[in-house]
Amino acid sequence: MISVRFVKSGFRYRGFEVSGHAGYAEKGSDIVCAAVTTSVQLVINTITDVMKIPAETAVEENRIAFSLETEETVPQPLMEGLFRHLSLLAEDYPQNVRISVSQ
99 MISVRFVKSG FRYRGFEVSG HAGYAEKGSD IVCAAVTTSV QLVINTITDV MKIPAETAVE
159 ENRIAFSLET EETVPQPLME GLFRHLSLLA EDYPQNVRIS VSQ
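Just so you know, we're using our numbering here: the sequence shown kicks off at 99 and counts up by one.
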């Protein structure tokens with residue numbers, strides 16, 4: 099199962115951590131894993147490389163952690179979009195994706 103934990107401070111997303119494997123299909127054919135991975139990469143790359151907003155990213159096998167280093171509200175729509183997208187995936191694939199939010 100893929101576990102996604104979003105970290106919020108008040109109404110603001112501060113970061114997230116994604117870990118695990120979806121287990122929906124064999125490696126290389128897992129559409130759930132691909133959907134989570136590509137959406138996470140899109141948001142991280144847009145915030146850090148395109149928008150040049152400082153953030154800390156840690157990538158390990160089976161885990162990625164992302165933390166904003168700014169109080170800017172600019173990346174918030176992307177973070178909210180990621181939360182909504184992954185929440186819909188969790189609804190469609192409850193055996194494969196779990197979402198949580200911590201303050």
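By construction, the Cβ of each residue, glycine as well, lies at the ideal position given by its N, Cα and C atoms.
Given the structure is predicted, the values throughout are model-derived calculations rather than measurements.
How many whole angstroms separate the CB atoms of Arg-103 and Ser-198, which I take to be in contact at a CB cut-off of 8 Å? 5 Å
When the Cα atoms are used, what is the spatial distance from Arg-182 to Gln-174? 12 Å
Compute the distance between the beta-carbons of Thr-168 and Pro-192, then report whether it is under 7 Å. no
How far does the alpha helix (DSSP H) with Phe-181 in it extend, from its first residue to its last? Looking at the DSSP string, the run of the alpha helix (DSSP H) that includes Phe-181 is 174 to 190.
Would Ser-127 pass as a contact of Ser-101 if the rule is Cβ separation under 7 Å? no
For Ser-127, which three-state DSSP category applies? coil
Look up Ala-163 in the DSSP assignment and give the residues it is bridged to. Glu-115, Ala-156
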